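Below, the structure written as structure tokens:
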């Protein structure tokens, strides 16, 4: 633990590596003068309300004599130039806080105060005041001797002070000033706090598990186990045995590791070690040769900084793939180390002890929870219960449910993470299935599944984390139970919700519904009203603590109203009521039992809430009040020509909402409810509207699902807010971007396109029209300019349009419009496009899309509602190339080879089978993709065998398309073609042993080569009949949008009346030029961009900036030194030009023909722009 004063700062960032510990700094202050650096093992909690720029305060908890001891530690700086006497009033508050809570205080400070009591050579007034303060607080000075703690060339003195109060004086050991030289003008002070020894941190890394060993051990554990679950007692025993077997197998396959901490930083090297020794030697001779000491210290300090920077740059440059870029993004996104510290209650009472904080967090997020448990009720299972349970749980869906979880998601209290179930499912399948069936049939939750580990995670973007509502509780439960939850969700969607679907206006937690569908639907209605001159009055309301506050009987009643099986309802009620919440905070633990709500993070929870929300959606919409919902966020919209009537109807709707909330014991916070009147009328009357006894104020803007809607739908507030925050996001990346160093250009562009652009273009489907306005283009252009400068390292005067054209990056307003087109296509394809408003507002975009080739008829799209496909009658294998050579297919009765081809912008497919004498050629035209060609070949192969009535045979179909085979092997299907092919193979496999296998393409395998030849023939033949012959794919639409964007970019570039020097070389944006530039490192990219745009350190540009007096070339003094003059005309470089570019002089046409490589080589050899 380090108490630091006057820390190193760069752009208000403290120069510490968070990989080695936590940095505690005073909140909400620029350039703090104190901080605390704590090892990761330290149990330390900051106290921000007792901290300021010159004082950082925290609570340190450590073990002593087997018990926990808490002390307050402070890092303090008393400014020497302050007019106030030391110490500050804040430190007075710290001692008062310690007195109230019986915490001893420890202060380490740069006091800038002299007193003989702590070894100073004299005593001044500041020292006397500080000593009086320490004595008044029953403090003890820990300084020993008079070894100077501060020294420079002219003096040395004791001005750094350590003091404490209470019984802490007995725990402080070995206080000393180190004689070794530091690179500061203060010496290092160290001491120890007596306590229990810290144990080494041990752990198991699930990703390092040897799963081959895991399966062997697991098999030996369960071998001979006869799993019978005819009673609750047997169910408990089976769950305990299975859990114990899995955990022991995991512990054997994944041995314990001890966390090791390196002695030196990763950038430490022998050179630094040598320089440090030289500095120490110079320190010993400093009185004879002070200059040598200063030089040695400067050399060491500079080398230390350079080594750290080089290590950082090497890390940034160490990878060039998506995984490395994603890792960098993760590092950059960790801007704050937010942890639960001191909290305040609604009454303003401060909570600081861990027990108080935990109790308040739990009682706020889990209202009415108690410390007592409810007794188990006896559960019985009748024949209907067993029948229902066996319908819900079967082998095919069990495999899907277990595989649907990410392998290494955080485990519940039982310690089982999904990979353990997935890797051992073949061994555990029968037993696990029996356990799940019994649990559901009995309506009983085994005790091992009831424990819930609750973690409070910070909500992003909060200004303060002292409010309990700034944290969200996430419940981690057993993945065994989550598997059963997943199966129940599938059963409900496939059964009751097929007969009685959820309301169409619920957009959350549903297949093919999203924020985009909610925004599109709402905006269509508002734009329609504005277009007709109507009022559109909207109230935006959300249910407070929806997941945590819903009573159990309300959940069960909603499930019953949808016709859900009573057996399933009984199990859900048991799962909710039997939960045991366990939470922990810095060693303090709390166990409680909830009385209502459903777990956030639970598999069933979203569906359960949708069932409840469906009641109010149906109630309001049936009453004529248009209401939409997204989870617990709702919007009720009243439209009409008469303002008074609209307000009156809204009041009626709000009364309905109040009555419903009271009936289900839920609340809506009127303070968070927003009322907005959308209108373009200048004069109108506003009537009073009340909600839960509070009057609602009519607002001009509202933020709904992350999009700011203003009353005229001008979208200006939203665009300004998004562009501002997008610039802030890019500002985070600036930490790793320099003019000539830092992230590779491709990595910067990846961060921009995958992180910043999606944030900016979110919701663009509703505001895309505004990108045609100049003020919007200007704001978007500013953001993209920052990114282009970061990518290229070019001079700040370089024109944005020139950089965009050379890099092949379309202007950002075109990118926003393109993203809106993608969204509109997705909504139309999935049937979520509101066609009633196609000629109003943002919906006009569909007419622009219809102008694309073959896009006028939406019935041609290859879209369908996502469908779950389980219970395959065929198997799919994708062997490696080495395994393929050892694969024997001669035992199969029928061997069919399929292939697809795409040649000269036309697709074709081929099928070959020697046993059935099949050689089929299929021409698929110019609108089909290679993936579709491969899939139609598989479809047709299955169809041909069905037509030939192939039965009781072993059949193998071999395809060289892994993409097609993986699409068929996926449980979820959203393609009509894949769905049809799956069904054909399913029919074929019902009467045959059917195997689909990947075969290496172009490897001399006879059948594959024949199928490839047939496919090429198909791509060369003309399609007979109308095109397209297959549904239009998503990739075809993406290609159409890219073509539109490219065409618009070319038109934008040609119409631009600027960038004359760039246009001398680049007539229009070219992929050939941009690809060549992207291959260059940043240092060379900067040179090329500067030369082609003319914005480089040549005299003409420097003269335009007012830096040089003459624009003439220094070499020939005959013409202005422009980039064109240097590369094409200057006689001083004629011989070099002839050798490198094959001409002594070049005209403009010849200049345009030069490659990027030739230009760069000429500039480098000329030495004109060398650094």
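Residue numbers (our numbering): 9 to 1179.
Quick reminder that beta carbons are idealized off the backbone N, C-alpha and C, glycines included.
Being a predicted model, the structure only gives us computed values, none of them experimental.
- request: Using alpha carbons as the reference points, say which of 608, 423, 511, 425 lies closest to residue 480.
  value: 608
- prompt: Among the residues of its own chain, which have a CB less than 6 Å from the CB of residue 787, if the five just before and after it don't count?
  reply: 731
query: What do you reckon, are the CB atoms on residue 838 and residue 520 nearer than 7 Å?
result: yes
query: Can you tell which of 1043, 1115, 417 has its C-alpha closest to the C-alpha of residue 935?
result: 1043
- prompt: Can you round the beta-carbon distance between residue 370 and residue 598 to whole angstroms, since I take them to be within the 8 Å contact cut?
  reply: 6 Å
- request: Check whether the Cβ atoms of residue 949 and residue 984 lie closer than 7 Å to each other.
  value: no
field: Sequence-distant residues of its chain with Cβ nearer than 8 Å to residue 427 (five each side left out)
entry: 214, 217, 219, 415, 416
- prompt: Considering only residues of the region 438-512, which uninterrupted alpha helix (DSSP H) runs meet the minimum length of 4 residues and lie entirely inside it, listed in chain order?
  reply: 455-458, 487-502, 504-507
- request: If I'm right that residue 712 touches residue 582 with Cβ under 8 Å, what's the distance once you round it to whole angstroms?
  value: Not a contact, Cβ separation roughly 37 Å.
task: Determine, using beta carbons only, whether residue 1073 and residue 1160 come nearer to each other than 7 Å.
output: yes
task: Grab the span of the beta strand (DSSP E) containing residue 597 for me, first residue to last.
output: 596-600
field: Beta bridge counterpart(s) of residue 113 as assigned by DSSP
entry: 80
- request: Ignore the nearest five residues each way along the sequence and tell me which others in residue 959's own chain have a CB closer than 7 Å to its CB.
  value: 999, 1000
- request: Could you tell me which of 632, 211, 803, 150 sits nearest to residue 184, measuring between CA atoms?
  value: 150
message: Within the continuous alpha helix (DSSP H) that includes residue 1101, where are the two ends?
response: 1090-1101
- request: Pull up the distance between the alpha-carbon of residue 314 and that of residue 759, whole angstroms please.
  value: 26 Å
message: Taking a contact to mean a Cβ-Cβ separation below 7 Å, would you say residue 1040 touches residue 933 in this structure?
response: no
query: CB-CB under 8 Å to residue 1151, same chain, minus the five flanking residues each way: which ones, in chain order?
result: 1145, 1158
- prompt: Are residue 672 and residue 562 close, meaning C-beta to C-beta below 7 Å?
  reply: yes
field: Run of the alpha helix (DSSP H) containing residue 943, from where it starts to where it stops
entry: 938-955
Continuous beta strand (DSSP E) stretch holding residue 1006: start and end: 1001-1006
field: For residue 437, the nearest candidate out of 892, 233, 858 (CA to CA)
entry: 233
message: Taking DSSP's pairing of strands, which residues face residue 807 in a bridge?
response: DSSP, once it has assigned bridges, lists no residue as partnering residue 807.
task: Spatial neighbours of residue 1010 within its chain, please: CB distance less than 6 Å, with the 5 preceding and 5 following residues excluded, ordered by chain position.
output: none
field: Rounded straight-line distance, which links the Cα of residue 751 to that of residue 461
entry: 39 Å
query: What's the call for residue 1135, buried or exposed, on a 16-neighbour Cβ count within 10 Å?
result: buried
field: Simplified DSSP state of residue 343, which is helix, strand or coil
entry: Only weak support exists for where residue 343 lies, its pLDDT of 48 falling under 50; the value from the coordinates is given anyway. Residue 343: coil per DSSP, three-state reduction.
query: So what's residue 1136 in DSSP terms, helix, strand or just coil?
result: helix
query: By how many angstroms is the C-alpha of residue 518 removed from the C-alpha of residue 874?
result: 10 Å
- prompt: If we call anything under 7 Å between Cβ atoms a contact, is residue 535 one with residue 101?
  reply: no
query: Can you list, in chain order, the stretches of the alpha helix (DSSP H) that have 4 or more residues and sit fully within the region 673-697?
result: none
- prompt: Mind checking residue 1014: buried by the 16 CB within 10 Å criterion, or exposed?
  reply: exposed
message: Could you check whether residue 586 and residue 458 sit closer than 7 Å to each other, using their CB atoms as the reference points?
response: yes
Residue 962 and residue 900 closer than 7 Å at C-beta: yes
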